[in-house]
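All residue numbers for the sequence shown refer to full-length UniProt numbering, where the first residue is 1 and numbers rise by one.
Each residue gets a CB set at the ideal place from its N, CA and C atoms; glycine is no exception.
In what follows, a single structure is set out as structure tokens and then discussed.
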Amino acid sequence: MEIDNIKSIFKNQNDIMKTEELYKNSMTKYELSKLIKSNVLERVTKGYYKLATEEISDIKLYRFFCHLFISAFSYCLSAY
Numbered sequence: 001m002e003i004d005n006i007k008s009i010f011k012n013q014n015d016i017m018k019t020e021e022l023y024k025n026s027m028t029k030y031e032l033s034k035l036i037k038s039n040v041l042e043r044v045t046k047g048y049y050k051l052a053t054e055e056i057s058d059i060k061l062y063r064f065f066c067h068l069f070i071s072a073f074s075y076c077l078s079a080y
């Protein structure tokens with residue numbers, strides 16, 4: 001997968017992507033590992049990645065973590 005293609009995929013996904021979204025876009029586990037080791041991608045948190053060269057604004061990170069919290073909270077509520 002070419003770096004320009006990867007950059008366009010991330011731009012379309014608000015700069016942060018889940019591992020499963022990367023796989024859906026034809027990225028293999030090997031390619032993901034290689035891109036992390038070569039500092040093209042950077043892990044934000046478990047299962048989420050961003051382009052290493054892109055700075056993500058505080059507001060985007062805030063929205064991202066709020067979304068994660070709400071998803072986890074909803075999951076916990078549905079377990080009862």
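query	result
Identify which residue in I36, K34, Q13 has its Cα closest to the Cα of N25.	Q13
Whole angstroms is fine: what's the gap from S8's alpha carbon to C76's?	34 Å
What does the Cβ neighbour count give for D4, buried or exposed, with the cut at 16 atoms within 10 Å?	exposed
What did DSSP end up calling K46 once you bin it into helix, strand or coil?	coil
Using the rule of at least 16 other Cβ atoms within 10 Å of the residue's Cβ for burial, across every protein chain shown, is D58 buried or exposed?	exposed
If you run the structure through DSSP and keep just helix, strand and coil, what is I56?	coil
Give me, in chain order, the residues of the same chain whose beta-carbon lies closer than 8 Å to that of A52; leave out the 5 immediate sequence neighbours on both sides.	N39, V40, L41, E42
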